[in-house]
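Asker: Here it is: the structure, laid out below.
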Amino acid sequence: MMTIAFDHSYARDLPGTYLRVPPDPAPAPRLLILNRSLAGDLGLALSDADARDWFSGASLPPGAEPIAQAYAGHQFGGFSPQLGDGRAHLLGEVLSPDGRRFDIQLKGSGRTPFSRGGDGKAAVGPMLREYLISEFMAGMAVPTTRSLAVVATGEEVWRETKLPGAVLARVAASHLRVGTFQFFAARGDKANVKALADYAIARHYPDLAGAEQPYLAFLDAVIAGQAKLVAQWMGLGFIHGVMNTDNMAISGETIDYGPCAFMEAYAPGTVFSSIDHQGRYAYQNQPLILGWNLARLAETLIPLLDPDPDRAVDLANERLTGIAARYRTEWTRVMRHKLGLLGEDAEDATLADDLLSTMVGADWTLTFRRLADPAALRPLFDDFRGMEAWLPRWQARAGEGAAVRIAAANPSVIPRNHQVEEALSAATEGDMTQFHSLLAAIRAPFTEAEPYMLPAPTGFGRYVTFCGT
Ligand code: AMP
Ligand code: MG
Numbered sequence: 203m204m205t206i207a208f209d210h211s212y213a214r215d216l217p218g219t220y221l222r223v224p225p226d227p228a229p230a231p232r233l234l235i236l237n238r239s240l241a242g243d244l245g246l247a248l249s250d251a252d253a254r255d256w257f258s259g260a261s262l263p264p265g266a267e268p269i270a271q272a273y274a275g276h277q278f279g280g281f282s283p284q285l286g287d288g289r290a291h292l293l294g295e296v297l298s299p300d301g302r303r304f305d306i307q308l309k310g311s312g313r314t315p316f317s318r319g320g321d322g323k324a325a326v327g328p329m330l331r332e333y334l335i336s337e338f339m340a341g342m343a344v345p346t347t348r349s350l351a352v353v354a355t356g357e358e359v360w361r362e363t364k365l366p367g368a369v370l371a372r373v374a375a376s377h378l379r380v381g382t383f384q385f386f387a388a389r390g391d392k393a394n395v396k397a398l399a400d401y402a403i404a405r406h407y408p409d410l411a412g413a414e415q416p417y418l419a420f421l422d423a424v425i426a427g428q429a430k431l432v433a434q435w436m437g438l439g440f441i442h443g444v445m446n447t448d449n450m451a452i453s454g455e456t457i458d459y460g461p462c463a464f465m466e467a468y469a470p471g472t473v474f475s476s477i478d479h480q481g482r483y484a485y486q487n488q489p490l491i492l493g494w495n496l497a498r499l500a501e502t503l504i505p506l507l508d509p510d511p512d513r514a515v516d517l518a519n520e521r522l523t524g525i526a527a528r529y530r531t532e533w534t535r536v537m538r539h540k541l542g543l544l545g546e547d548a549e550d551a552t553l554a555d556d557l558l559s560t561m562v563g564a565d566w567t568l569t570f571r572r573l574a575d576p577a578a579l580r581p582l583f584d585d586f587r588g589m590e591a592w593l594p595r596w597q598a599r600a601g602e603g604a605a606v607r608i609a610a611a612n613p614s615v616i617p618r619n620h621q622v623e624e625a626l627s628a629a630t631e632g633d634m635t636q637f638h639s640l641l642a643a644i645r646a647p648f649t650e651a652e653p654y655m656l657p658a659p660t661g662f663g664r665y666v667t668f669c670g671t
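For the sequence shown, position 40 matches number 242 in the numbering used here, and the numbering has no gaps at all.
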């Protein structure tokens, strides 16, 4: 039998921030997919039988010490002082051969004291969805949690209807969230806020430990990572869907793939989630929510920033005021890459803004992909006049070799909603063929592969995602 060399730094260093609770044993586990390349990167030699049993809760891998982590969070703007892992179990951490530390967590593995009304379970469709989309993000070099395996449990779970249950094994740089800090700050537990900050610095930003003001440097580092992350999302047309503070990772990774989806026709107000009635987490609002969430993190750190509370608030505000400009810089960098621009020109952001205002209604992904080929670009637009004016400006700025850079920077294949839905409903019925084909296509996103690169057929209608994941 293989083993996993687990460590438990979180449990060891942060007593009082979690509860020990075992996952539910899956009655009849069946391995749906195992990410062998990720397992290899982590230095894990896993047999299918080990993966099936260990990542479904059917049996615990030797050395695992399962815990449910406490966290709070602002959900759609309202504060919930106690969320926590209601259906997840952290088995422990592993050190990859290149010396990086990763959490291995089960999701959908049963109730915990944090479950509130929930059943602690997950269904096959949403867990495979997380697997697929996180693989695409990783392939596009967007920081993200990864998916190691999905195991069908042999149980039925009730959502709108009866569905086959599944557990996802998730790999993350850590599961520290903005909401983890909020949990302790809300209780006035300054010692644990400090312990968490020290732990986060040691784990994610070890260079900052010696900084003159380590907690301020920590806030800066989280701001920098998140600004970069959201700029990358925007470049791909990715809409997270639930940017609650409990779903924002301190590591700068994309976390908690729920009702997320990729925008097809460009519309800044695009929302997919059925419960996001106000459009709080719409595409264009993501950069604003970034700042809002980071303000919530900053609030928790105030007591650590300076012994003088007024001075601490000033320091935090200074940082928060800088987020918009920092995001704009990151976004401009992403857009330069997408537009195949070399070097930097003061007008680049305006060039990108002007493209966006003229491409409303056109397919986000294919417009960038086809920029250098006007004959292929034209059919994406109802009215091409705006582009006819914009293209010569872009050509003049982009210059030689732009077509090659465009093709290298912009995917032709993204996880298109109608393709994802088809693959997931087949998988829910027990047929993984389509899922594997789609996964292969999104793993080679720069290869032109019909039908995966085509927008939804007109009959597909408005796409709605559900939180009952
Ligand atoms: P999410 O919206 O998935 O980020 O989850 C928000 C909170 O609800 C977290 O505390 C989750 O652990 C909890 N939660 C979500 N789904 C379930 C479920 N089926 N059972 C128990 N808790 C859940
Ligand atoms: Mg969550």
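Even for Gly, the Cβ is constructed at its ideal location relative to N, Cα and C.
All of these numbers come straight from a predicted model, not from anything done at the bench.
#1: Hey, is residue 400 close to the ligand MG, as in C-beta under 6 Å from one of its heavy atoms?
#2: Going by the CB atoms, is the gap between residue 592 and residue 550 shorter than 7 Å?
#3: Excluding the five sequence neighbours on either side, which residues of its own chain have a C-beta within less than 7 Å of the C-beta of residue 418, listed in chain order?
#4: Given 6 Å as the limit, tell me if residue 478 has its C-beta closer than that to any heavy atom belonging to the ligand AMP.
#5: Is residue 226 near the ligand MG, judged by its Cβ being under 6 Å from some heavy atom?
#6: Pick from 250, 494, 262: whose alpha carbon is nearest that of residue 306?
#7: Who are the near neighbours of residue 565 in its chain, counting only those whose CB is closer than 7 Å to its CB and skipping five residues on each side?
#8: Kindly confirm or deny that the region 439-449 and the region 488-499 touch, where touching means at least three C-beta pairs closer than 8 Å.
#9: Hey, could you find the ends of the alpha helix (DSSP H) residue 309 is sitting in?
#10: Please report how far the alpha carbon of residue 385 lies from the alpha carbon of residue 270, in whole angstroms.
#11: Where does residue 448 fall in DSSP's three states?
#12: DSSP state of residue 363, grouped into three classes?
#13: Helix, strand or coil for residue 220, going by three-state DSSP, please let me know.
#14: Quickly, what does DSSP pair residue 674 with across the bridge? List them, please.
#15: Go ahead and pull the three-state DSSP assignment for residue 406.
#16: Mind checking which residues open and close the alpha helix (DSSP H) that includes residue 296?
#17: By DSSP, does residue 370 sit in helix, in strand, or in coil?
#18: Identify every residue that forms a DSSP beta bridge with residue 456.
#19: Please go through the same chain and pick out, in chain order, the residues whose beta-carbon is closer than 8 Å to the beta-carbon of residue 275, but skip the five residues on each side of it.
#20: For residue 216 versus residue 401, is the C-beta spacing smaller than 7 Å?
#21: Return the first residue and the last residue of the beta strand (DSSP E) that residue 232 is part of.
#22: Which residues does DSSP pair with residue 209 in a beta bridge?
#23: Contact between the region 365-374 and the region 335-354: three or more CB pairs below 8 Å?
#24: Using 8 Å for Cβ pairs, my map puts residue 464 next to residue 439. What's the rounded Cβ distance?
#25: For residue 304, count the other beta carbons within 10 Å of its own beta carbon; 16 or more makes it buried, fewer makes it exposed. Which is it?
#26: Closer than 6 Å: is that where the CB of residue 289 sits relative to any heavy atom of the ligand AMP?
#27: Once you ignore the five residues that flank residue 152 on each side, which residues in its own chain have a CB closer than 7 Å to its CB?
#28: Any idea which residues DSSP pairs residue 565 with across the strands?
#29: Can you find a heavy atom of the ligand MG that lies under 6 Å from the Cβ of residue 495?
#30: If residue 470 and residue 459 are in contact, beta carbons under 8 Å, what's the gap, nearest whole angstrom?
#31: Using the rule of at least 16 other Cβ atoms within 10 Å of the residue's Cβ for burial, across every protein chain shown, is residue 519 buried or exposed?
#32: Once you ignore the five residues that flank residue 472 on each side, which residues in its own chain have a CB closer than 7 Å to its CB?
#33: Which residues have a Cβ closer than 6 Å to any heavy atom of the ligand MG, listed in chain order?
#34: Between residue 322 and the ligand AMP, is the CB less than 6 Å from at least one heavy atom?
#35: Using a threshold of 6 Å, is the CB atom of residue 311 nearer than that to any non-hydrogen atom of the ligand MN?
#36: What first and last residue would you give for the beta strand (DSSP E) that runs through residue 270?
Answerer: In terms of the structure at hand:
#1: At a threshold of 6 Å, residue 400 does not count as near the ligand MG, since its beta carbon sits no closer than that to any of the ligand's heavy atoms.
#2: Taking the C-beta atoms as reference points, residue 592 is found no nearer than 7 Å to residue 550.
#3: Within the same chain, residue 418 has close Cβ partners 507, 517.
#4: Shortest gap from the CB of residue 478 to any heavy atom of the ligand AMP: 6 Å or more.
#5: In this structure, the ligand MG has no non-hydrogen atom nearer than 6 Å to the beta-carbon of residue 226.
#6: Residue 306 has its Cα closest to that of 262, out of 250, 494, 262.
#7: Within the same chain, residue 565 has close Cβ partners 466, 467, 582, 657.
#8: Put simply, the region 439-449 touches the region 488-499. At least three CB pairs are less than 8 Å apart.
#9: Not the alpha helix (DSSP H): residue 309 falls in the beta strand (DSSP E), residues 303-309.
#10: Distance between residue 385 and residue 270, taken at the CA atoms: about 14 Å.
#11: The answer is helix: DSSP assigns residue 448 an H, G or I state.
#12: Coil, per DSSP.
#13: Of the three classes helix, strand and coil, the one that applies to residue 220 here is strand, per DSSP.
#14: A question about residue 674 goes unanswered here, because the residues of the chain that appear run from 203 up to 671.
#15: Helix, per DSSP.
#16: Counted as a single uninterrupted DSSP element, the stretch harbouring residue 296 is not any alpha helix (DSSP H) but the beta strand (DSSP E) occupying residues 290-297.
#17: If DSSP states are grouped into helix, strand and coil, residue 370 belongs with the strands.
#18: DSSP, once it has assigned bridges, lists 346 as partnering residue 456.
#19: Excluding sequence neighbours, residue 275 sits near 281, 282, 285, 379, 380, 381, 384, 446, 447, 448, 449.
#20: Yes.
#21: Here the beta strand (DSSP E) through residue 232 covers 232-236.
#22: For residue 209, the pairing in a beta bridge is given by DSSP as 295.
#23: With the cut-off at 8 Å, the region 365-374 and the region 335-354 touch.
#24: Contact between residue 464 and residue 439 holds, since their C-beta atoms are separated by about 5 Å, short of 8 Å.
#25: Note on residue 304: 16 or more other CB atoms within 10 angstroms of its CB, so buried under the neighbour-count rule.
#26: At a cut-off of 6 Å, the beta-carbon of residue 289 counts as near the ligand AMP: some heavy atom of the ligand is closer than that.
#27: Because the chain in this structure spans residues 203 to 671, residue 152 falls outside the shown range and cannot be described.
#28: Bridge partners of residue 565: 467.
#29: Taking the Cβ of residue 495 as the reference point, every heavy atom of the ligand MG lies at 6 Å or farther away.
#30: Rounded, the Cβ-Cβ distance is 22 Å, inconsistent with contact.
#31: That one is exposed.
#32: Around residue 472: 441, 465, 484, 485.
#33: One residue list follows from the rule of a beta carbon closer than 6 Å to any heavy atom of the ligand MG, given in chain order as 448, 449, 458.
#34: Residue 322 Cβ: within cutoff of the ligand AMP.
#35: Of the ligands this structure carries, namely the ligand AMP and the ligand MG, none is the ligand MN.
#36: Element bounds for residue 270: 269-271.
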